Structures are given as structure tokens and as C-alpha cells.
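Residue numbers (our numbering), protein chains in the order written: chain A, -12 to 364; chain B, -12 to 364; chain C, -12 to 364; chain D, -12 to 364.
Positions of the beta carbon are idealized from the N, C-alpha and C atoms, including for glycine.
The structure displayed is predicted, hence computed values, not measured ones.
Structure, as C-alpha cells:
There are 4 protein chains.
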Amino acid sequence: MSKPLNIGMVGYGFMARAHSHAWASVAHFFDTGYRPVLKAVAARGAEKAKGFADMWGYERVETDWRKLVEAKDIDAIDICVPNDLHAEIAIAAAKAGKMVLSEKPLARTASEGQPMVDAVEKAGVANMVWYNYRRVPAVSLIKQWVAEGKLGRIFHYRAKFLQDWTISPDVPQGGQATWRLDVDAAGSGVTGDLLAHCLDTALWINGDISSLTAMTETFVKERKDATSGQMKKVGIDDAAAVMTRFANGSLGTFESTRYARGHKAGYTLEINGEKGSLSWDLHDLNRVQYFNHGVEGAARGWTDILVTDGDHPYLGKWWVPGLTIGYEHSFTHQVADFLDGLRTGKPASPTFREALETNRVCDAIIASGKSGDWVNL
Amino acid sequence: MSKPLNIGMVGYGFMARAHSHAWASVAHFFDTGYRPVLKAVAARGAEKAKGFADMWGYERVETDWRKLVEAKDIDAIDICVPNDLHAEIAIAAAKAGKMVLSEKPLARTASEGQPMVDAVEKAGVANMVWYNYRRVPAVSLIKQWVAEGKLGRIFHYRAKFLQDWTISPDVPQGGQATWRLDVDAAGSGVTGDLLAHCLDTALWINGDISSLTAMTETFVKERKDATSGQMKKVGIDDAAAVMTRFANGSLGTFESTRYARGHKAGYTLEINGEKGSLSWDLHDLNRVQYFNHGVEGAARGWTDILVTDGDHPYLGKWWVPGLTIGYEHSFTHQVADFLDGLRTGKPASPTFREALETNRVCDAIIASGKSGDWVNL
Amino acid sequence: MSKPLNIGMVGYGFMARAHSHAWASVAHFFDTGYRPVLKAVAARGAEKAKGFADMWGYERVETDWRKLVEAKDIDAIDICVPNDLHAEIAIAAAKAGKMVLSEKPLARTASEGQPMVDAVEKAGVANMVWYNYRRVPAVSLIKQWVAEGKLGRIFHYRAKFLQDWTISPDVPQGGQATWRLDVDAAGSGVTGDLLAHCLDTALWINGDISSLTAMTETFVKERKDATSGQMKKVGIDDAAAVMTRFANGSLGTFESTRYARGHKAGYTLEINGEKGSLSWDLHDLNRVQYFNHGVEGAARGWTDILVTDGDHPYLGKWWVPGLTIGYEHSFTHQVADFLDGLRTGKPASPTFREALETNRVCDAIIASGKSGDWVNL
Amino acid sequence: MSKPLNIGMVGYGFMARAHSHAWASVAHFFDTGYRPVLKAVAARGAEKAKGFADMWGYERVETDWRKLVEAKDIDAIDICVPNDLHAEIAIAAAKAGKMVLSEKPLARTASEGQPMVDAVEKAGVANMVWYNYRRVPAVSLIKQWVAEGKLGRIFHYRAKFLQDWTISPDVPQGGQATWRLDVDAAGSGVTGDLLAHCLDTALWINGDISSLTAMTETFVKERKDATSGQMKKVGIDDAAAVMTRFANGSLGTFESTRYARGHKAGYTLEINGEKGSLSWDLHDLNRVQYFNHGVEGAARGWTDILVTDGDHPYLGKWWVPGLTIGYEHSFTHQVADFLDGLRTGKPASPTFREALETNRVCDAIIASGKSGDWVNL
């Protein structure tokens, strides 16, 4: 009989929906020994929070997240609010002995994130950061194959995350829908929002980055503040490009922007090794492209693998070969792994400590973007 | 406040999982005024049914579907068992005043389906057949655009549904996993299983078929019976190809097989009209290909539309542009439309009556496959 | 030292350009022992023929093809005029002891083509029909791999040739640019023009067709005659779909139309066998898609083979891996094989006799399109 | 009547074949008023040069390029030898009053190239560098559309040229087949060989680069010298990545390597502007991908334009819509433009002067790869 795990959700926005779906549906597909219960949601706007709670079946609503942290019946705090609020909530939750899950990035900067790591480790509570793309089955398969040596020595790692939703100068900054454009709330622009995903995956698959240099740009210099209505200088990076050297000797190139017309959630990655190459595109998330140099010469090419078979990661729990899954499944998988971690005692990654590394790389990117210098990590 | 709708599920196999997910999650995304409750599941195998009920949170288990039909606390019967059982259950449920939802095809043949139509219409109960692919947003978009006249006069409709899972002669027939290969349980082979999907979509988008001729084949003539272990003649069609004339003057070509290596759930369709063409592939279900002849000459081409924007069908309820959905969402959409139909009094299609037409076309295909003659419909 | 081979070209249209390029360039890439010489061109319109001859370096122009046939200095007659003229010219050329190459189809009908076969065989002259797509390297590779058994037992053969250039009812019939719409000049519509290519390839790769049934349609019933300017009934098939049974037990589906918006030269083919599948698309003619069921399960998929390596058919004569070739190279390869055939005494296929078989299948399609019956071949 | 233009070819390798084909076939398709004549070829190896001349119909062979330069009957010298020989030959040819065409890059470095520019300009002779990819019709179309403002303000320019042919440490350096790995002959590695193409296109389409920073790497540190057989330090860059700022305010990212398994001639580019985006891939050189933000919302997407219509650049001279061309056609187009330039007096680009700019950028890349600093241009 599975054990209930009571979730206290902080926030009710886009990410709170994705996480709630994962908590609500994981036990229908994965037998982890736990049954998450949508216990309570906390948010300042009572009415909107109430609507959200009704939609998802949360049992109660709080207007102060501290109430969740203090509540006896809450096992885990799930943080789905802007980046500037992660640290305070996470540290309080850890101190209260709750498990803590934070939306990515861990914090606005590594120095802000370090105390979060310290807090959860001191408290000994389960913790995880929602870098969900690791659990797209295709990405998990790539991780597994690279680790197995299917590509041999790695020469190149290449990732981009392209969007186009902030091209109009009329998009404001700050407020609930556009806090990602406000440097105070977000910490950085595309670096913390988009590159962070690329970097988390890269560090996971290809290991440490030893040095990097970056180019950053803010195309639209001033935007209206969504709250005050006043024009305000834009403090975030609209676009960032990075060249890295990995500890394994391979070269990395990364790019992220919100000014690439036609790209919506254009996260792509490619790895080139001595024996083969692998690539992936979030827009076709069920597919992996694999070039296997070991194949007979005339038959070599890029194989388009539809990652929907029972022997592909996580897929045995879903449908039948050929039937695809979508974006939100990556969260369900992450919850499944988190719950497995509770059972086995082997924490699901990335923990706060692991995710802090991504913050460190992001900090180096922002610094190099300003100085133009190479930064050692 | 949303109204509960108590679901009685008959079956616990693959389709029962897909339907249960739809019932369980629809209210998290769609505000239909109804909140489905997974009330009870009925299946002969008590233990497996119990496991299924636990996984999904069904409140109780019955070993006889009649118990569900008779139960006062059940509002809707959802039939997820082999085709030969649809009619008896559906008719009994209708007589008991329950809403009835049947997995497709409606029945093994049109003559078996006709009394089902009669029963639900006489009882005046809500009814629907789970031709789920209509509710893939890309397919819904195609339907909408063809109806709006974006393609002008239609010349060609082309659809295929290709699989490869029965190539080995060691795959048995009958039993729980392979009843689709047993003509007694299934009624037909690829025609009722796969072509039925293609035909349902085609009739919906392109209107009536007036005549057709078909070629059918059984590549593996004998297979072991999964229950008895004895070799038994195969009665189903392994592959079927069809040429049709539609009432609107266009030509149709259809093909289905389980012997097309490399195709897993290879449902593809394409429509060619005077002003443009549209095509779709289930393996990339979030995409529509659109050729718009109205565009400036040198810029003409097939536009690959990622159907994930808020102004695409159903997508406003999910994530943000670029983030894709999967197979099971089509069922969630169908449930959402079914519930909307309850509220508005305008039944969600396809009703039993509408789905009976697909059975009629399937019957003609099987007949023509034997006679070699054109059949008028 | 290579031997000159004097070419007499009949016609100066599109196909004459493609053939002339092949004759002019073959010796730059293929060492066959022969060096074609563009000796003379014959056409009724002296001025246009003169312009054509100047462009290509033909040494002289004749206004009557009989002059070419009779000329002592001509070794081979290349027929690039409408279908209704093939027979007379080819028979005369054969009688005069010339090698004869005819643009496809061999003739308007098999009965018209039979005397052509008789003539070249009686005369013992080298002969060939320009079914050029066999020599697209990707298609040659497919032929080779199927012959080697890479796919095992074949279940399905599928081909289409889709165009969209006759949708407007303002396109006339007859005349120099649109004789393909005039049944008297062309013999048939898409069947002889487009399906003939699909059938030639299919017979070559997959063997004999034993029976078929067809559906044909003329969407635009009347068109202006390009010569007289009068409206005239359209006698050709605008679209044709065919279902076939091959002698090897596999099923074939074929379709061709000039009413498929967005398709320009949309010749595609796919073969499904027990061990794998292969497919190809003329719009991406340097690529073959290969599904190899022999590969480790989780890595299976369709491999996109860029057919540009030195060990691919004909490619060792061109550039380096990754650098593609185009449409006209198929003709160059056909000339290279023709010249090789002269040297080795093993005639390049398809000879007139081999090409006659395609005419036979085309005749059956036209007949079945009218009768609705299956036709045995 | 067209005027003969006598070509003196220096070299007989891969590039000499591509150029010879262009000279030999241009007049069959383009009416420029000139008819190139393959007059003489010069190369040190008399026997191989003789074989080459026979294959292509060159009238005579010289074993010293100076003979060509001095020959009265030669109008244009075409330089198809390793980079270290370009300058001496080009300067001598210019002094002798010959037109000069040089394979790219112009020279090993800008300082080596400057006197070449001076020489041709002083002599007033027609000159051109074979950056052939400008004349791939798809690339020409992109140039035209960007110039017309179809994309509006440009934000990003992105290009890569990926290969995989030097991964094995057994590939030697130097000699005839592998001089590109010898820094003395080539000047640089992927920078001058591959990035040079990307840069030439970028400068042409997107204007000047104002600053850049680069990362370069030599994966295989020692290779056997093809001539001496001795192991020798590798002096070239095996891989290079570059971040640039363009004068128009857009950001550029460039990458090139010969260590990207599965990429053969993987030149890809993409441009993102306010109103749309365009991208292209050499492996599918007949296609352009175009995202037009001006299209109705729900129908937006990337349009795959098959660049084979008569209103696409150069295509009116080739076949019919849907029929593709290949790699070598880009050279034919360049010759056609060169000959047009002779007629009109408006030189075909890139002239030596224009191509020198690419050498300048390459020099900056090599310098920055060593220093790690940004370089202003």
C-alpha cells in the first residue's frame, strides 16, 4: 500500500501547474511506494490561489507561504515562485524539516544559492531542483549512452535554447507574467532562464566545464515596468553566447536568446564523439538522432530514433511503441525519481548541491559577458 | 462548483489506462462544469482489476460488468474490452439509463452496431465512441481549416496507418494481449483496428464515401491460439488497401498494415485541394504541414506548423508555445468535449450513430477485399 | 584513347537538354572508352533547332528526322519528341542500323511498342529507354540492397508521383509545351507520364506485377486546344491510383496525379520487408531512408543515408562525401551505363523489350480504370 | 555569336575538376556572350596532368604554370593549387595581363593576400575568388531577401561548417591529398578551409564584422608527414568557434571542425531578424527554411522552400520545378556571373579585394584563438 506524501505548493503560475500535474498523476503510472497528496497551496493573491486550488483539488489555500512551512501536515514544499524568493522559502522550509523542491535555477546567483545548499544539508532533508529536461526520455537515453561510452572520446558539445517572445519592445518587465525580464526578480535573463537548462544537461552528460568566455547583449534597452507603468532600464541579458572548455578536453558552444524568430522552445543539443554523435530537439522531444560510425560504410547516416519503446527510459510506464508523450511527462518522471529516491535513500539529482554548479557557471557567463575575458571555473 | 460524474470502467487494459487518465486529469485543465470520479472498475480477473483500481484510485472493483450497469452510483459506463463485447454491454447500459462510451470501433460490423445505436437513442442517453485522433489538436486544426475552405475544392484524400508488430509468425492470436489477431474477438484485422481511425477522420473532414474497392491480405495464414495453444487459421486481414470516391468528387486512397517494418503507430494523412494542401503524421502529432498556394511564388513551400500556440485547438489549456503534448491528450480533449456536450446539450461527436458509418465502410472494405468488386455505399 | 560516338538528337525540348547534357559531360567523369559527339539535331522548327544546336555545340541541324536516320556519320538516334512519334522514328532508325535511345514511355501503348522491340531486335542494334530514375544513386542503392536480401521477404511496395501543374483549367492541351495533356500525342495522362516511372522502378526492384486494379479520374473535363484555340474534351487521366499484387506475394499501391498542391516532382517510393524498410523521395534525391530491424532494439530507427560517399553507386566519380548531385546526373549515369554496355556487350537496361513491360502495365491500368475490374498480367 | 575565352588551369585535383566542369558546361545553360575553351592545364606531374587533360579535353599540358602565364593564347588563369602557391601565380598572371581566378581562400593570410589585390588592381585585370557557396541558388535567395528587408532588423547570424574526415590520427599531413592538414601549405586548418566559406557568406549577407573572439583547438597534436613519413607536430586548428559582433548590431556565432562525426559537408547557416528567419543546409542545398512572422498566427511555421522554380535565382536556366541541382552548379553559376561581369563591366563578386576581407577575419580568429582576447576589426 502506497504511502501518502503531502505537498505544499508555493505559487500558482505556469510552473505550479506543471508540477501539480506531476504530483497528481505520478502514482497512476509509476509504482514508487508513495502517493502524493495535493494538500495546500500558498500565494499572496487569495482569489487566484483559490481558483487554482479548486482546479487541482488542493485541500486548502494559504496566503502566506510561512503557513505551509509551519504546517504539521505538509511533507514537502514545492517552490514555484520567481527566483528572488527561492532562497528565503527554501531555507525556512529546510529549517522546519520539510523536504524542499525548488523550480530552477536554484537561486539568482551562486552566492545566493550556497546558503540554500547549506540549509538543506544541515537539516538533512530531501531536496531537488526542477531541471526537468534531464527526464525527457530522449535526453535520459543520451546521458545513458554517453556514460556507456557509445560515443567514445567526446570532441564537441553544442547546445542552444532559442525563443522569440520578447522581440517586441512593448513587452513589459516585472509583474507576474513578465518577471523573467526584471533583473531583480530573475537575477539574469536568458542565462538563468534558458542557458541554465542547457548547462544543467551538459554538466550531467559531459562533466565539468573548466573555463569559458561569453558574449551577452540586451537588444531592447528600456521596457515599461509592469507594476509602475514607468519606462525602466532593462538589466537582463536578452541573448548570450558562450564558448567553453570541458574538463574532458571537449569544446562546448552554447547560445540562448529570446530574439530568434520562429523558435518557441528551441532547446537543441548535440554531442560529437569519436565513435558517433547524438542530437536532440525539444520541439521533437520523443526523438533522438544518432550517428553510429560503427555501422557498415554505405549504410551510415543519422538514425532518427522514436523514443517510445518499452526499453527506452521511462517509456515502459506509458503507452505502446509509436505513441508519444509531451512536455509535462518530464516532470512526472522527475517526481517518480524523487519518490524512488525517498524509498531507496539515493537522492534524485539534481540536488541543491548539484544545481548550485549550474548557478556558478551562469555567474561566470554574466561576468565574462561584461569583461570579455575567459573565466576559469 | 463542478458537478461530479461517476465513471464505471469496464476493462483494465491499455485503453482503460488511456481513458482513466483522461477522466482523472480533465478537470485540472478544462473547466467543463463536471468533475469525473473514478468510481468503479469491472473485469473478470479480480486480482488484476484490483491492482488497476489501486493504481488509478477507483473506489471499488466488480467482477461482472452487469454490476456496474445496475449500480445506482454510476453515471457513465466506459467500455474498454474487446470488440465482441461492446454491443451487449452498451445495450444493457443504455437500457439502464447510463451514459455509454465505447472504445472504437463501435462494433465488429455495422449490423452488430445498429442495435447499439438504436438502444442509446431509444434510451436518450449520452453516447460517444473513442475515435480519439479527431482531438489531436493538429487534426482538429485540419478539420477546421478544410471546413473554412482554406483548401478550396478537394481533389485527393490520402491516409495510411502502418505498424510492424505482427510480422513474426510467433505472435499468437486471441487471449488478452493479442485478441486483435483473433477474428472472432476483433471482427476484422487492420481494417477495424487501424483503417477505422483513418476512415473516421476522413468522413469527418472530407464527408461521405460513395464507393470503394479494396485489396486485403493475410500474410501469416496460421497462428497459435493464445488460449488453447493450438495452431489455428488466421481469420483477420493483415493488410488492407482501399481506393475510394468521395461524395465531393475527390479520390481517396487508404492503406493499413501491420507488416511495414519501422512504422509503429504510423498514421499519416494528407489532403490536396485547389488552394493548398495539409498533412499530418501521428509520430509528430504536434505538427501540421501546410502548403498554401496563396503565398508569393518564390516563398511557397510546405510550412511546418508546430501546433502549440494558444490559438490552436485545445492548446490554450496546456503549456506555452513550443511545449508539446502527447498521445493521451487526445483522450483528455475528447472527455472535455463530452462533458461540454452534457452541459450544452450538443453531443460530442462521434456519437454511436456517427461511428456506425465507419463500421459500414469497414464492412464494405472486407466485402470488396473478398470479391474484388467496387462497392457502392 | 576513347572512341567517338556520334549522336543524332531528335527534338530540342526539355528532355533533349537533359540528354544533351548527359552526352556532353559523361566523358568528363566516366571512363567508358567512348566519347559522345553532339553531331546533329533534327526538328521541324529550323530556327529554334538552330538556337538549340548553337547552345549545345551540335555541328548541324536538320528539319527532318529522316535525314538523321539516313546520315552516315550518325551512330545513335536519341528520340526526344512526343510519345506518338517514338515508334516511327525508332523503327526507321533501327532499320537504318542505328543505335536507338527513346525517351520514356517506349510508346503510347504496348501494341504500338511491340513493333519497336521487334525492329531493334531484328536489326540487332543497341537500344535503351530513358527511365532515368533507376540511375539516381539512391535508387540504384535500393535496387542493390533489395537484390542482396537486406530486406528479406517483401510485404509492401508503395510509390507515388505527385505534381500540381495542371490544376488551373486554363492550362491548354496539345502544342509544344502541353502535349502531355493531349491524349493523341501522349497516349495517356499521368499513367504514361508519371506512373510509368514508378512502375519501371518497381518492376526493376520488386519483380513482376501479376494483377492490378485501378481508379482513374479526369478532374478538368475540357481544355482549350493549344493549336486550334478551341475547347476540346480532355482524353487523358488527370489522376490514377492502382493496387497491385506482385508475383513475389507482396502488395503494391501506386498513385499519380497532377492535382496535388505543393508537390512538384513528388516521386516517392517505399519498400517494407521482413528485415527492414527502404524509402526515397525525388525531392531529396541524394538520400535514402533505411530502417534496419537487425539493429539493437533501443537504437532502431530510420537512418537518413546521405548517398554521397565513394562506395555508393556512381558517387566515386563525382565529388567528396557530403557534396550532392542533382536531377541531370541520372541521365549522365544512364549514358555511362549505355556506353559501358557497348563495350562489354551486356546491354544497359531498360532495353526496349524491358520497357515494353511498363507499357503493358500502363495499358492494364487504363483498362481497369474504365472497367473497375482487376486485370491479370 | 559567343566569344571564346581561353582558360589556363593550374592544378588537376578536386577543385580543378569542379572548375573545369563549370567552364565546360556554362555555355550550355547560360547565354553570357562567352564560350570558355579548356585550352591548357599546368601541373608538375606531367602524366597525371595528361590524364586530366584527356578526360576534360584540355588541348595541351604544361609542367610549369609560368608557361601558361606567358602563353599568348590564354585569357584567364584559374588557380586550383594549395594556398601557399596562390600569391605567386596570381601576381605573375596579373602582371602578364591575364584575368585571374583563385580558389579560396585568397591567400594563407591577409598580408600574403594584399599584394595579390594590388597586383590585379594595378594590372586592371578581371579577378575573382571561388567562394562558390554564394551561388547556391538558396543562398543567393537568402542574400536577396535579407537585402530587400524581408527579415527587418537582424539580431542573430549563426553558421557552422562541420566535417569528420580527420578524426583518425592515422590521417597524415602534407602531400597532395592532405595538404589541408599542413599549416605551411594551408596557412590554417578549419579556419581558412571551412570557416572562410561561412565568413564569406556572412560578410556578403550581413555586412561587416566589427569584433570577435575565438576558441581554437588541435585535437590530434602530431601526424605523419605524407611526404617524409616522419611524425610532425600539427600546426593547424582542428576546430574553431567564434563569437562576433556585426556592424549592424547583430550577434554572430560560428563554428567549424573536422571532428563532428556524421557531418560530411555540414555547412549550415541561420539568420534571425525582427520579421522573420531564414536558414539553409548544404546537405539539402536546394532548400531554404523561412519563418515569416507576417503570416496569420495559427498558420505560422518554418516553410520548407524547394528552390527549384523558374523565379528562383539561376533556376530558370535549369530544369522544371521540383527537379534539383547539386554542388557543382554553384561553380557554373559563378562562371556565368564572371562572364556576365566581363560583358557588363560590373565585376562578379567576390573580387580579390572583397575576398581579402575574409582573410582578415580569419587572421583575427587565429590570433584570438591564441590570445583569448576580443579582436577589433
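Nearest-angstrom Cβ-Cβ length linking residue i and residue j, presumed shorter than 8 angstroms
i	j	result
Phe318(A)	Ala5(A)	5 angstroms
Thr205(D)	Ile352(D)	Not a contact, Cβ separation roughly 14 angstroms.
Leu238(A)	Ala228(D)	6 angstroms
Leu128(D)	Val294(D)	6 angstroms
Gly288(A)	Ile154(C)	The pair is not a contact, with the Cβ atoms about 36 angstroms apart (cut-off 8 angstroms).
Gln321(A)	Arg140(A)	That pair is no contact at about 30 angstroms.
Buried versus exposed, by CB contacts within 10 Å (16 or more), residue i
i	result
Ser98(C)	exposed
Arg145(C)	buried
Gly32(C)	exposed
Asp51(C)	exposed
Ser355(A)	buried
Met230(D)	buried
Gly(-5)(B)	buried
Gly111(C)	exposed
Met218(C)	exposed
Asn235(B)	exposed
Alpha-carbon to alpha-carbon, residue j and residue i
i	j	result
Tyr45(D)	Arg245(A)	55 angstroms
Trp306(B)	Asp298(B)	12 angstroms
Lys211(D)	Pro159(D)	5 angstroms
Thr311(C)	Thr331(A)	54 angstroms
Leu181(D)	Met86(A)	52 angstroms
Arg248(A)	Gly281(D)	11 angstroms
Val(-3)(B)	Trp267(C)	45 angstroms
Phe142(C)	Ile196(C)	13 angstroms
His73(B)	Leu93(B)	7 angstroms
Ala286(A)	Tyr277(A)	13 angstroms
Asp157(B)	Ala30(A)	58 angstroms
Glu257(A)	Phe241(A)	11 angstroms
Asn114(D)	Ser89(D)	8 angstroms
His184(D)	Met2(D)	15 angstroms
Residue i (DSSP reduced to helix, strand or coil)
i	result
Asn(-7)(B)	strand
Ala63(B)	strand
Glu283(C)	coil
Ala247(C)	coil
Ile312(C)	coil
Ile78(D)	helix
Phe39(B)	helix
Trp132(D)	helix
Phe17(B)	coil
Glu46(B)	coil
Asp268(A)	strand
8 angstroms Cβ shell around residue i - same chain, five flanking residues per side excluded
i	result
Val221(D)	Gln160, Leu168, Val170, Thr205, Val207, Lys208, Glu209 and Arg210
Leu326(D)	Leu(-8), Val13, Phe17, Thr19, Gly20, Tyr21 and Pro23
Spatial neighbours of residue i in its chain, beta-carbon cut-off 6 angstroms, leaving aside the 5 residues before and after
i	result
Arg22(D)	Ser(-11), Pro(-9) and Ala14
Interface partners of residue i on chain E, CB under 7 angstroms
i	result
Asn259(C)	The question asks about chain E, but that chain is absent: this structure's protein chains are A, B, C and D.
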